[in-house]
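Asks:
Residue numbers (my numbering): 204 to 777.
So, in structure tokens, the structure goes:
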């Protein structure tokens, strides 16, 4: 057995490492090294829940957005929905539409950036698909191969999405426009027109570039599958097999119906709910069965986390986050994240979970641009019910297209709402109002998955605050019963090629000399060597070097955000 340690993992948000214990497997054709057990260790101290105690409840909207520079908007939304709930007010239909537009634009930005800049390079390299490979082969590679064409376009198109966020939120990141019971920005004709123009560009790119790239990657993956199966001597579907986890999925739902907000609030009140009036449903998918979401089925375990065991198995909002519960030197603990569980089971959260909870295992529908009338068809059958790298990528691409469409639909709808509804609930007497007591739950979805904010108000200030965020669900450690978290489980069985570089693997998969007169791997080697990356993704252990490229693709397919996942700090740490 070898222990392979990758720390830090790059092209993610935050400080994450994984340790993988290997075992040898004889395929009948060769002996390969695969991951037997994996451990996700999150190396970060934070303090947001403690910082918020004693502050004005409205500060949470602004402060929690600073939890993360990559995904601030969802934290703001979860915080404001917790305040709506604590204030016992319903945001007006106009406010709901504006919030939806802002959040959907943020989603498109985030999903595209992740697909092309974070997880895309591994997929593009292994599948020999130049548009998704960073333009590392220089001008000749760009000119003759179209290398990085989609990669570069994505950098520009994501800016259009952020411009919509700034248009309504005042700026990006850290938008400013939300308030308990509504928003502080008016739906002017100019804002609506600009939103439609920018969203049309987003839709065109998602429909004609991102969706095309997804189909191409699926086709290229089939070739990789054939060659990998022949190489290893066992059936292997490449990125369709890599990254399978537990197969349980959790979603809180996203984008409420402005005309049916009561359905949205049921989940916040603790009632069983599917939130089926929303664009994306709430629910728990277990063993192929969809069950309604129930808030009180969420607990967190800490046996392998750096917290005192007395809080293990408690509901997050029943724990007062103070310095007293931190146990920095706890024996056998290897993570600052806790281990959230729903209904006693490990659940994956994120875009794949949202699509499966809402559409099941086959996503087949037409998407029509409400401005141009153009229609594109989506037809994706989940390739691995337990999850895979390619299914997670597909879910992001499909959602980017769906949400770009919804932005335009809501903007058109907003024209009719603007004169009919105010932007802030009349139940808010004035801008100074804060209830003396109250508690509220904000149940939202960040691009990375289920996001919960809880606030307790006493004497007009925050008495307690809790966040349970997507990467805590996905990147968390083992629970008290020894069950690995979703990423830890997904790494099990992953092949770690011994003493084979990235170019070596690419040459084995793509032996044709059709890339500037060279094999694909040789062309890559020529490009990355001057950058000091000749041993890219090779990690030493027991006198050998293990290629961790596939393992890194698995981890990145969950889009880790460690700053979000760990937000508790020991106050005397220097």
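Don't be surprised by glycine CBs; every beta carbon is placed ideally from N, CA and C.
Taking residue 379 as the reference, give the member of 493, 279, 597 with the closest Cα.
Replies: Translated into the one-based positions of the chain shown, residue 379 becomes position 176. Comparing Cα-Cα distances from residue 379 to each of 493, 279, 597, the minimum goes to 279.
Asks: Between the alpha carbons of residue 296 and residue 473, how many angstroms are there, rounded?
Replies: Mapped onto the chain shown, residue 296 falls at position 93. Mapped onto the chain shown, residue 473 falls at position 270. Straight-line Cα distance between these residues: approximately 23 Å.
Asks: Assuming residue 454 and residue 653 make a contact with CB atoms under 8 Å, what is their CB distance in whole Å?
Replies: Along the chain shown, one-based indexing puts residue 454 at 251. Along the chain shown, one-based indexing puts residue 653 at 450. That belief holds up - the Cβ atoms of residue 454 and residue 653 are roughly 6 Å apart, short of 8 Å.
Asks: Go ahead and pull the three-state DSSP assignment for residue 445.
Replies: Start at 1 with the first residue of the chain shown, and residue 445 comes out as number 242. Secondary structure of residue 445 (DSSP, three-state): coil.
Asks: Taking its Cβ as the centre, do 16 or more other Cβ atoms sit within 10 Å of residue 634, making it buried, or is it exposed?
Replies: Numbered from 1 along the chain shown, position 431 holds the residue referred to as residue 634. So residue 634 counts as exposed.
Asks: Count the other CB atoms, across all protein chains shown, that sit within 10 Å of the CB of residue 714; report buried if there are 16 or more and exposed otherwise.
Replies: Counted from its first residue, the chain shown places residue 714 at position 511. With fewer than 16 Cβ atoms within 10 Å of its Cβ, residue 714 is classed as exposed.
Asks: Reducing DSSP to helix, strand and coil, say where residue 454 ends up.
Replies: The residue you call residue 454 lines up with position 251 of the chain shown. In the structure shown, residue 454 falls within a strand segment according to DSSP collapsed to helix, strand and coil.
Asks: Leaving out the 5 sequence neighbours to the left and right, which residues in its chain are closer than 6 Å to residue 585 when beta-carbon positions are compared?
Replies: As a position in the chain shown, residue 585 is number 382, starting the count at 1. Contacts found: 564, 594.
Asks: For residue 257, which of 518, 668, 337, 597 has the nearest alpha-carbon?
Replies: Residue mapping note: residue 257 aligns to position 54 of the chain shown, counting from 1. The candidate whose alpha carbon is nearest that of residue 257 is 668.
Asks: Just the C-alpha distance for residue 744 and residue 738, rounded to the nearest angstrom, thanks.
Replies: Taking the first residue of the chain shown as position 1, residue 744 is located at position 541. Taking the first residue of the chain shown as position 1, residue 738 is located at position 535. Looking at the two C-alpha atoms, the distance is approximately 14 Å.
Asks: Identify every run of the alpha helix (DSSP H) within the segment 579-633, keeping only runs that are complete inside it and at least 4 residues long; order them along the chain.
Replies: 592-620
Asks: For residue 606, which of 529, 405, 673 has the nearest alpha-carbon?
Replies: Taking the first residue of the chain shown as position 1, residue 606 is located at position 403. For residue 606, the nearest C-alpha among the options comes from 405.
Asks: Can you name, in chain order, every residue of its own chain whose Cβ lies under 6 Å from the Cβ of residue 554, other than the five neighbours on each side?
Replies: Within the chain shown, residue 554 is the residue found at index 351, counting from 1. Here the set comprises 598, 599, 602.
Asks: Quick check on residue 755: does DSSP put it in helix, strand or coil?
Replies: Stepping through the chain shown from its first residue, residue 755 is reached at position 552. Under the three-state reduction of DSSP, residue 755 is assigned to helix.
Asks: Considering residue 379, what are the terminal residues of the beta strand (DSSP E) in which it resides?
Replies: What you label residue 379 is simply residue 176 of the chain shown in a count that begins at 1. Neither: residue 379 is in no beta strand (DSSP E) and is coded neither H nor E.
Asks: Assign residue 517 to one of two classes, buried (16 or more other C-beta atoms within 10 Å of its C-beta) or exposed (fewer than that).
Replies: Translated into positions along the chain shown, residue 517 becomes position 314. Exposed, since its Cβ has fewer than 16 Cβ neighbours within 10 Å.
Asks: May I ask you to report which of helix, strand or coil DSSP gives residue 437?
Replies: Numbered from 1 along the chain shown, position 234 holds the residue referred to as residue 437. Note: residue 437 maps to coil in three-state DSSP.
Asks: Is the segment 319-335 close to the segment 681-697, with three or more CB pairs under 8 Å?
Replies: no
Asks: Output the distance between the C-alpha atoms of residue 409 and residue 648, rounded to the nearest integer angstrom.
Replies: Residue mapping note: residue 409 aligns to position 206 of the chain shown, counting from 1. Residue mapping note: residue 648 aligns to position 445 of the chain shown, counting from 1. Near 21 Å, if we compare the C-alpha coordinates of residue 648 and residue 409.
Asks: In whole angstroms, what is the alpha-carbon distance linking residue 463 and residue 293?
Replies: Against the chain shown, residue 463 aligns to sequence position 260. Against the chain shown, residue 293 aligns to sequence position 90. Cα to Cα, residue 463 sits roughly 11 Å from residue 293.
Asks: By the three-class DSSP mapping on this structure, what secondary structure does residue 353 have?
Replies: Taking the chain shown and counting its residues from 1, the one referred to as residue 353 is at position 150. Three-state DSSP puts residue 353 in a helix.
Asks: Could you say which of 205, 533, 686 lies nearest to residue 236 if we only look at CA atoms?
Replies: On the chain shown, residue 236 is found 33 positions in, with the first residue counted as 1. If we check each option's Cα against that of residue 236, 205 comes out closest.
Asks: Excluding the 5 residues preceding and the 5 following residue 375 in the sequence, name in chain order all residues of the same chain whose CB lies nearer than 6 Å to its CB.
Replies: Position 172 of the chain shown, counting from 1, holds the residue named residue 375. 365, 368, 369, listed in sequence order.
Asks: My guess is that residue 427 and residue 329 are in contact by the Cβ rule of under 8 Å, so how many angstroms apart are they, rounded?
Replies: By one-based count along the chain shown, residue 427 stands at place 224. By one-based count along the chain shown, residue 329 stands at place 126. That pair is a contact at about 6 Å.
Asks: Assign residue 529 to one of two classes, buried (16 or more other C-beta atoms within 10 Å of its C-beta) or exposed (fewer than that).
Replies: Position 326 of the chain shown, counted from the first residue, corresponds to residue 529. Buried, by the Cβ-count rule.
Asks: By the three-class DSSP mapping on this structure, what secondary structure does residue 265 have?
Replies: Stepping through the chain shown from its first residue, residue 265 is reached at position 62. Helix.
Asks: So, residue 355 versus residue 333, is the Cβ gap smaller than 8 Å?
Replies: Here residue 355 is taken as the residue at index 152 of the chain shown, counted from 1. Here residue 333 is taken as the residue at index 130 of the chain shown, counted from 1. In terms of Cβ geometry, residue 355 and residue 333 do not form a close pair [threshold 8 Å].
Asks: Rounded C-beta distance between residue 245 and residue 538? I'm assuming under 8 Å.
Replies: For this step, residue 245 is matched to residue 42 along the chain shown. For this step, residue 538 is matched to residue 335 along the chain shown. Between residue 245 and residue 538 the beta-carbon gap is near 5 Å, inside 8 Å, which marks them as a contact.
Asks: So what does DSSP say about residue 771, is it helix, strand or coil?
Replies: Here residue 771 is taken as the residue at index 568 of the chain shown, counted from 1. Reliability fails at residue 771, whose pLDDT of 43 lies under 50, so the model's placement of it is uncertain and no value is given.
Asks: Please determine, among 708, 614, 740, the residue with the shortest C-alpha to C-alpha distance to residue 725.
Replies: As a working note, residue 725 is residue 522 in the chain shown. That would be 708, whose Cα lies nearest to the Cα of residue 725.
Asks: Using the three-state DSSP reduction, which class does residue 288 fall into: helix, strand or coil?
Replies: For this step, residue 288 is matched to residue 85 along the chain shown. Note: residue 288 maps to helix in three-state DSSP.
Asks: On the DSSP bridge list, what partners appear for residue 408?
Replies: Residue 408 sits at position 205 when you count from the first residue of the chain shown. For residue 408, which the question treats as bridged, DSSP gives no partner whatsoever.
Asks: Does the distance from the CB of residue 308 to the CB of residue 458 come in under 8 Å?
Replies: Against the chain shown, residue 308 aligns to sequence position 105. Against the chain shown, residue 458 aligns to sequence position 255. Against a cut-off of 8 Å, the Cβ pair of residue 458 and residue 308 comes out as no contact.
Asks: Starting from residue 674, trace the alpha helix (DSSP H) both ways and give me its first and last residue.
Replies: Translated into positions along the chain shown, residue 674 becomes position 471. Residue 674 -> alpha helix (DSSP H) spans 673-678.
Asks: How about residue 483 and residue 561: do their beta carbons lie closer than 8 Å?
Replies: One-based indexing of the chain shown puts residue 483 at position 280. One-based indexing of the chain shown puts residue 561 at position 358. Contact: yes.
Asks: Residue 741 to residue 331, Cα distance in whole Å?
Replies: Start at 1 with the first residue of the chain shown, and residue 741 comes out as number 538. Start at 1 with the first residue of the chain shown, and residue 331 comes out as number 128. In a straight line, the C-alpha of residue 741 is about 20 Å away from that of residue 331.
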